[in-house]
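Colleague: Below you'll find the structure I mean.
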Amino acid sequence: MRRTVPLLDRTPVRRVLTAPQESCPLCDGELQVCQHRKRRIHLLDDTIALTLRDKRCRNPACPSPQLRYRPVEEPLLALPEHEFGLDVVMAVGFMRLRDDFSFPRIHQRLHERAFPVPICPMSVQYQFRNYLSLVDCQVALKDGKLRERLREQGAILPVIDGLQFGEGDPVLYLVIDALSRLPLLGREMFCRSADDLVPFIAQIKEIGVPLLAVVSDKEKALVPAIAEALPGVRHQFCQVHYVKNVAKPMAADLCSLGAEVRETEQALRKFQRSLIHKRKKAEEKDQPLPEDLQVTEKLCEVARAEARCHGKAPLDPPALKRHQGLEKVAEAVREARQKKGGRGPISRSSKNWSRLLRSAGLWPRGSRTAW
Ligand SMILES: [Zn+2]
């Protein structure tokens, strides 16, 4: 079957995440960044290159100076040492159990996405195994290596979150320790009521390790459920998650805007290659490159840089920032065209540029005057 959706590349989006705590919950000492870790995670629609800034307590009198405080978003993106995100794990689990797809078909589906997931057939099976172990995860309640490790650690900082694959699908609630980044508990639930969540969250106490605090995204049902299940435990709202929830209604628009920007960037790259070819030809003939071509080359460079600039979601989403950058370049071209009064000679490159901008949606349709 012919592919209708164009294949788009997965240039990694760079993100820097920092442990949110400023002071040590055990001794109130100052926390300082002690290490930078690099990690790459393939999500369903994006690949992110993470720089993770962990912190530790600098107070020499701290009872647990060895504790590393890590960014709380990290364990919710992917399991430790795994290259595929939890959304890929969820997608594989759902396609296998709900849609009854075979592993080769799931693999094909992941490859057919607008941003194909770079996953091999064997890895699809590993993701399904991960899904099964998370759906009814009680690993922290059993006497084993994990419990021993948590006891050695001396404290846990559970992050509670509900992951949902699609509207109307059950929610996979996970409790992950933000210090060790390990999943402690998991359960799939069909409703998000506080009554159902209380017994699940209360299990955290059974682990038998002191809790520094609990982190959540302030989901409606989680707030009263945590208060009832873990009375007296500090409940810290993950601000990034909270703001992300507020920004959720924009997600679909941002996703399609991001795809448009990538397409524009690819068109610009192609156009830039043709300019390089022209420059080489001119150099071979020992002729200077025409002035308008030089300007077009510069504009292309600027526009491409704008199409790849970094932004931090949710307050500064990269798709929006890149789109605004491209708009600025288009505006500069429009202004330059107006200053020239549209009377200048129409060279081929000017026509190319406006055609390119028009095809990329950056040029008002119907505009015929050359810049
Ligand atoms: Zn301390």
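Throughout, our numbering is defined as the position within the sequence shown, counted from one, plus 42.
All residues carry an ideal CB built from backbone N, CA and C; glycine is no exception.
Just so it is clear, the structure is predicted and the values come from calculations on it, not from any experiment.
(1) Any idea what DSSP makes of PRO146, helix, strand or coil?
(2) Does the beta-carbon of ASP203 have 16 or more other beta-carbons within 10 angstroms, so that it is buried, or is it exposed?
(3) Would you report the Cα separation of LEU296 and PRO102, rounded to the nearest angstrom?
(4) In whole angstroms, what is the alpha-carbon distance linking PRO117 and ALA244?
(5) Is any heavy atom in ligand 1 found nearer than 8 Å to the beta carbon of SER175?
(6) With a threshold of 8 Å (Cβ to nearest heavy atom), would ASP96 be considered close to ligand 1?
(7) According to DSSP, simplified to helix, strand and coil, what is ARG110?
(8) Note down, in chain order, each residue of its chain lying with its Cβ closer than 6 Å to the Cβ of ARG56, except the 5 sequence neighbours on either side.
(9) Tell me whether GLY71 counts as near ligand 1, meaning its Cβ is closer than 8 Å to at least one heavy atom of that ligand.
(10) Can you tell me where the alpha helix (DSSP H) holding ARG171 begins and where it ends?
(11) Less than 8 Å between the CB atoms is what I'm expecting for PRO225 and ARG52, so what's the real figure, rounded?
(12) Just checking LEU254 against ligand 1 - is the residue's beta carbon closer than 8 Å to any of the ligand's heavy atoms?
(13) Please confirm whether GLN314 and ARG346 have their CB atoms less than 9 Å apart.
(14) Rounded to the nearest angstrom, what separates PRO356 and VAL256 at their Cα positions?
(15) Let me know if VAL58 comes out buried or exposed under the rule of 16 or more other beta-carbons within 10 Å of its beta-carbon.
(16) What I want to know is whether the C-beta of PRO107 ends up closer than 8 Å to one or more non-hydrogen atoms of ligand 3.
(17) Are the CB atoms of ARG138 and TYR111 nearer to each other than 9 Å?
(18) Are the beta-carbon atoms belonging to LEU341 and VAL371 less than 9 Å from one another?
(19) Go ahead and pull the three-state DSSP assignment for ALA182.
(20) Using 9 Å as the threshold, is the C-beta distance between GLN77 and ARG95 below it?
(21) Count the other C-beta atoms from every protein chain shown that fall within 10 angstroms of the C-beta of GLU417, then say buried if there are 16 or more, exposed otherwise.
(22) Whose CA, out of VAL131, PRO163 and LEU299, lies closest to the CA of GLN169?
(23) For ARG364, which option in VAL344, GLU377 and VAL375 has the closest C-alpha, if you only look at C-alpha atoms?
(24) Which term fits SER144, buried or exposed, when burial requires 16 or more other beta carbons within 10 angstroms of its beta carbon?
(25) Kindly list the residues whose CB is nearer than 6 Å to the CB of ASP238, restricted to its own chain and excluding five residues on each side of it in sequence; keep chain order.
(26) At which residues does the beta strand (DSSP E) containing ALA91 begin and terminate?
(27) Can you tell me the Cα-Cα spacing of THR411 and VAL375, whole angstroms?
(28) In this structure, how does DSSP classify GLN336 when only helix, strand and coil are distinguished?
(29) If the criterion is Cβ atoms closer than 9 Å, does the pair LEU205 and ARG155 meet it?
(30) Is it the case that the CB of CYS104 approaches a heavy atom of ligand 1 more closely than 8 Å?
(31) Is DSSP giving ARG350 helix, strand or coil here?
(32) What three-state label does DSSP hand ILE249 in the structure shown?
(33) Leaving out five residues before and five after PRO359 in sequence, what residues of the same chain have Cβ atoms less than 7 Å from its Cβ?
(34) Per DSSP, what kind of secondary structure is ARG60 in: helix, strand or coil?
(35) With a threshold of 8 Å, establish whether the CB of LEU68 neighbours any heavy atom of ligand 1.
(36) Taking C-alpha atoms, which residue in THR93, ILE83, LEU109 and LYS97 lies nearest to GLU64?
Modeller: To lay it out plainly:
(1) Of the three classes helix, strand and coil, the one that applies to PRO146 here is helix, per DSSP.
(2) So ASP203 ends up on the buried side.
(3) Each residue's Cα considered, the two are about 46 Å apart.
(4) Between the alpha carbons of PRO117 and ALA244 lies a gap of roughly 21 Å.
(5) Every heavy atom of ligand 1 is 8 Å or more from the Cβ of SER175, so no.
(6) No.
(7) Three-state result, ARG110: coil.
(8) Counting only residues of its own chain and dropping the five nearest sequence neighbours on each side, ARG56 has a CB closer than 6 Å to the CB of ALA91 and HIS352.
(9) Yes, since a heavy atom of ligand 1 falls inside the 8 Å radius drawn around the Cβ of GLY71.
(10) For ARG171, the uninterrupted alpha helix (DSSP H) segment begins and ends at 163-177.
(11) The pair is not a contact, with the Cβ atoms about 26 Å apart (cut-off 8 Å).
(12) The answer is no for LEU254.
(13) Result yes, Cβ atoms of GLN314 and ARG346 sit closer than 9 Å.
(14) Taking the straight line joining both Cα atoms gives about 22 Å.
(15) With fewer than 16 other beta carbons inside 10 angstroms of its own, VAL58 counts as exposed.
(16) As far as ligands go, the structure on display features ligand 1 and does not contain ligand 3.
(17) No, they are not a contact pair.
(18) It is a contact, given that the beta carbons lie within the stated cut-off.
(19) The answer is helix: DSSP assigns ALA182 an H, G or I state.
(20) Their beta carbons are under 9 Å apart, which means GLN77 touches ARG95 by this criterion.
(21) Any question about residue 417 goes unanswered here, given that the chain covers just 43 to 413.
(22) Taking only the C-alpha atoms, the option nearest GLN169 is VAL131.
(23) For the residues VAL344, GLU377 and VAL375, the minimum Cα distance to ARG364 belongs to VAL344.
(24) Classification for SER144: exposed.
(25) MET231, listed in sequence order.
(26) Residues 89-99.
(27) Because THR411 sits at a pLDDT of 37, beneath the cut-off of 50, its placement in the model cannot be relied upon, and the point is left open.
(28) GLN336 carries a helical assignment under DSSP once its states are collapsed to helix, strand and coil.
(29) Not in contact: LEU205 and ARG155 (Cβ atoms no closer than 9 Å).
(30) Relative to ligand 1, the beta carbon of CYS104 is positioned inside 8 Å of a heavy atom.
(31) Here ARG350 carries a coil assignment [DSSP, helix/strand/coil].
(32) Here ILE249 sits in coil by DSSP.
(33) Within the same chain, LEU296 and GLY353 come within 7 Å of PRO359 by CB-CB distance, once the 5 residues on both sides are set aside.
(34) First, the residue type needs correcting, since residue 60 is Thr and not Arg in the sequence shown. Assignment of THR60 by DSSP, reduced to helix, strand and coil, places it in the strand class.
(35) It does: the Cβ of LEU68 is within 8 Å (strictly closer) of some heavy atom of ligand 1.
(36) Checking every option, the nearest Cα to that of GLU64 belongs to LYS97.
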